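Chains A and B are the protein sequences, given in the same order.
The numbering of the first sequence is full-length UniProt numbering, which starts it at 1 and goes up by one.
The numbering of the second sequence is full-length UniProt numbering, which starts it at 1 and goes up by one.
Yeah, the Cβ is synthetic: ideal placement off N, Cα and C, and Gly gets one too.
Quick caveat: nothing in here was measured; it's all calculated off a predicted structure.
Report on the following structure.
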Amino acid sequence: MRFTTRGQLVVAATGLLAALAVGLPSQAERSPEPVVEFATATCSGSGELDVEFLLTDAIGAPAHPEFKYVVVSTHVRSGPESEPLHGSELAGTLIPGAEVPPPGEGSLSGMTVVPGDTKHVILEAEIDRTSADGTERIVVEGEAVLKECAPVVPEQAVEHEHGPEQRAEQGAENPGRVWGPYGGKRTIPTHQDPAGGQTTHPSVVRVPGGWNGYEYWMAHTPYPGSNSAWEDPNIAASTDGVTWVVPPGLTNPIDDQPGLPGPYNSDTDLEMGPNNTLYVFWRTVIPDLSQERIKYSTSTDGVNWTAPAEALRSSMADRRPVSPALMYENGAWKMWAVEINRSPNRMVFFQGGATPAKANWGAMQTVSLGAMQKEKEPWHLSITKNGTAYIGLLNDTALASTGRDGDLIFLYGTTPTSFTNGSFSTVPRLKPFMHDHLYRASMLPGTEYGVPGYQVWYSARMALNPDVWNVQQTFLNGVAVHGGP
Amino acid sequence: MAPEPAEPSPARSPRRLSALLRRHRVAVVAVTAPLAVMLAATLSAAAPPFASDRTEQDPTIDNPNYRRVAFSSAGVTVEILGQPDSLSTGGVTGEVDLARAEGDQSMVAANLTGSSDVIADFGQVYFAMRPGVPVDYQYDTSTQSIIFNPGIEIQAETVPGLRNGTDYLYTQPIRMLPTAPVADPEFPPYEQTFTIPSIVMLWEGADGVTGSEPIGFISHFELTITHGG
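Structure (structure tokens):
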């Protein structure tokens, strides 16, 4: 068969086109590359967006054992529609040095917290693709287009038998009506991660007008991956309760213990005491001695702290008061705690003297709490004053467990040893991708969005292996709030 | 009368078709060539890779890097916070799958089953893998070791200091090393004993979800691979 020149050209062209049509996709398959996918955007109660990206292989991507992908750098830009984008921090496993898992075996996750009016978030990742032929640098990018996230303003409590105004006039809170949305994650500098690390046991003191340059002071214990080696008392300060720093000149931690199986610290509580002096309390467990101690340190400037002193010493066989919550009132110290030696745990109270020194504490008294949630018992707590009332947040736990399925229950009492509880969690236990167990919280009377209520900083964990711990901030509606600015 | 037109002879039809194709040979080749290329590509992509499939269907069959083995252990020694003395599960026997990647000396454990032979401090105990998916756990794959990832679950009849009733205790991922390393380890490592190189934190929990802080730690745990499972 003989073709004319024109015919040969036509045949060659059509054959080439067909080969290209078939060959291009298979050529692409030979050079697979991960993609940045926008996963979720969670609107927190405080009006911020938690935006999560995944760096993963494309759906249906073939296995590529001949390639290894390692993140070199990440760059997040975000901003409203009409303004230039600016840089944002990225947290999670999507970090330089991380290797992208093979197809079907997971992904790297990176989360950034942006203001609620953010329209665009763009994540760019530089990746080294390594094979037997060498290393090649590629850049992948993903974008999230967001809907506006506004702060959740808790509705005022509905009428109850006396009406909220009457109850407020009477100075009585209705624990069953105190609630709020889950909070926004706060970046807290820790001695393990000065840029902001996993931490728990927040305890916040507010000094209207400021104290040594800051209105808000926080004690907390870093707890990355539930590693007790880092669980030592840290101090942070803030001018607005949102952005936290380590005051210049302060070196954390205040006390350093090695962690299990050796002694370890936990359970911080921060209180303003007499003489304009700040007190930080914490618990130290000494397994070898079967002892637990409540220790404290003081400061008049927030930077220089005294050597640790002892407030209470307990043999673990006799009593185990955890999560101490203290208060200096009428010239004397009070201390509440949760006694965990025998399930069900119980809330207890100690009357102290003019100083927290251990010789001054009276006998341990059981506190009346009312009925707990079904199959629950007390675990951790914080107490503060609202007018003449004692209020607090009680963190509960599944019966006979060590901090599982925790909720935060509002407490209200007119005496130190008798409280009523709100019977349900003031804050949702679940915040997608952020927490599924609530933990120790700190609460202060206040006003936000023109509504009286309670400022709350709570710690919570995402139960993983290992766990991830963070501090969140929210605002609870209240009926009768005294002392709010 | 004009003669009836003759019926075309059957022998002439192929000839006419052949002539037709010859006349339009350029068009025919232009159409069939890309079709042939695409058909070949489609067939090669869709065809099942018979040869490789046969070996990938069940990695456990005749795979020299996979074995179910039996083990025995003198038990796990546990320190529970607040308890004055060390506690023991008593002797444990059971079975576990061991697998290693080609060229690696580290072995990954799966499908752990074990139970105590005697009633000791925790009553009857059962060993299993901790529920959940394996987590990111970095280790040297060139060194002989047994990896339990995401960890071990110990179901205990009672845990002193915790409560009365069935409790579940969990570890995070564990790496056990040989007590007597050998130069050229065999697989499976029959008659070899493995131990935890340092303490392992222990947490109470349920369904693989733990409490917020350890209740104690495992201070001693050895197991010996005895024979095939």
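Check your understanding: Which residues mark the beginning and the end of the beta strand (DSSP E) in which B/Asp-97 is found?
Key -> 92-99
Point to revise | Residue nearest to A/Phe-349 in terms of C-alpha spacing, selected from A/Val-51, A/Ser-418 and A/Lys-147 | key: A/Ser-418
Point to revise | Rounded straight-line distance, which links the Cα of A/Gly-213 to that of A/Thr-300 | key: Taking the straight line joining both Cα atoms gives about 12 Å.
Practice item. State yes or no: is the C-beta of A/Gly-183 within less than 8 Å of the C-beta of A/Ser-44? Key: yes
Check your understanding: Given 8 Å as the limit, is there contact between the region 181-197 of chain B and the region 83-92 of chain B, that is, 3 or more CB pairs closer than that?
Key -> The region 181-197 of chain B, when compared against the region 83-92 of chain B, does not touch it at the 8 Å Cβ threshold.
Review point. Short check: CB of B/Glu-222 to CB of B/Ser-73, under 8 Å?
Key: yes
Check your understanding: Using a beta-carbon distance below 8 Å, is B/Val-135 in contact with chain D?
Key -> Chain labels in this structure do not include chain D; the protein chains are A and B.
Review point. Less than 8 Å separating the beta-carbons of B/Phe-122 and B/Ala-156?
Key: Yes, Cβ-Cβ distance for B/Phe-122 and B/Ala-156 is below 8 Å.
**Study point:** Residue environment, A/Gly-422, which counts as buried when at least 16 other CB atoms sit within 10 Å
**Key:** buried
Practice item. On the DSSP bridge assignment, give the partners of A/Leu-90 in chain order. Key: Beta-bridge pairing links A/Leu-90 to no other residue.
Review point. Where DSSP assigns a beta bridge to A/Cys-43, which residues make up the other side?
Key: DSSP output for A/Cys-43 lists A/Leu-49 as bridge partner(s).
Review point. Whole-angstrom Cβ separation of A/Val-178 and A/Phe-410, contact assumed at under 8 Å?
Key: 4 Å
Review point. In the structure shown, what three-state DSSP assignment does A/Asp-269 receive?
Key: strand
Exercise for review: With a floor of 3 residues, list each beta strand (DSSP E) that falls wholly inside the region 252-308 of chain A, ordered by position along the chain.
Suggested key: 264-272, 278-286 and 291-299
Review point. What's the C-alpha gap between B/Thr-166 and A/Ser-343?
Key: 15 Å
Check your understanding: Name the DSSP beta bridge partners of A/Glu-143, please?
Key -> A/Ile-122
**Study point:** C-alpha gap between A/Tyr-458 and A/Trp-244, whole angstroms
**Key:** 15 Å
Check your understanding: Residues in the region 163-181 of chain B with C-beta within 7 Å of chain A's C-beta atoms, listed in sequence order?
Key -> Arg-163 and Gln-172
Check your understanding: Out of curiosity, what's the CA-to-CA distance linking A/Val-139 and A/Lys-119?
Key -> 23 Å
Point to revise | A/Val-72, buried or exposed, once every other Cβ within 10 Å from all chains shown has been counted against 16 | key: exposed
Review point. Would you report the Cα separation of A/Leu-90 and A/Ser-425, rounded to the nearest angstrom?
Key: If you take the alpha carbons of A/Leu-90 and A/Ser-425, they lie about 30 Å apart.
Point to revise | Under the three-state DSSP convention, the category A/Ser-78 falls into | key: strand
Check your understanding: Would a check of beta-carbon distances place A/Met-316 closer than 8 Å to chain B?
Key -> True, the Cβ-Cβ gap to chain B drops below 8 Å.
Exercise for review: Would you mind reading off the limits of the beta strand (DSSP E) that contains A/His-437?
Suggested key: 437-448
Check your understanding: Do A/His-191 and A/Pro-224 have their C-beta atoms closer together than 8 Å?
Key -> no
Practice item. Kindly list the residues whose CB is nearer than 7 Å to the CB of A/Pro-466, restricted to its own chain and excluding five residues on each side of it in sequence; keep chain order. Key: Gly-225 and Ser-226
Exercise for review: Inspect the CB distances between the region 92-109 of chain B and the region 274-290 of chain A and report whether three or more fall short of 8 Å.
Suggested key: The region 92-109 of chain B makes no contact with the region 274-290 of chain A, as fewer than three CB pairs between them are under 8 Å.
Review point. Do the CB positions of A/Val-121 and A/Ala-144 come within less than 8 Å of each other?
Key: yes
Check your understanding: At a Cβ cut of 9 Å, what residues of the region 80-100 of chain B count as close to chain A, listed as they run along the chain?
Key -> Answer in chain order: Leu-81, Gly-82, Gln-83 and Pro-84.
Exercise for review: Mind checking the region 183-216 of chain B against chain A and listing, in chain order, the residues whose C-beta falls within less than 9 Å of any C-beta there?
Suggested key: Ile-199, Met-201, Trp-203, Glu-204, Gly-205, Ala-206, Gly-208, Val-209, Thr-210, Gly-211, Ser-212, Glu-213, Pro-214, Ile-215 and Gly-216
Practice item. State the beta-bridge partners of A/Thr-221 as determined by DSSP. Key: A/Thr-200
Practice item. Can you give me, in chain order, the residues of the region 317-335 of chain A that have a beta carbon less than 8 Å from any beta carbon in chain B? Key: Ala-317 and Arg-320
Check your understanding: So what does DSSP say about A/Ala-325, is it helix, strand or coil?
Key -> strand
Practice item. Below 8 Å between beta carbons is the criterion; list the residues of the region 150-163 of chain B that meet it against any residue of chain A, in chain order. Key: Pro-150, Gly-151, Leu-162 and Arg-163
Review point. Which value, in whole angstroms, describes the spacing of the CA atoms of A/Thr-397 and A/Leu-54?
Key: Cα to Cα, the separation comes out at about 33 Å.
Practice item. Could you name the residues that DSSP lists as bridge partners for A/Lys-376? Key: A/Ala-398, per the DSSP bridge assignment.
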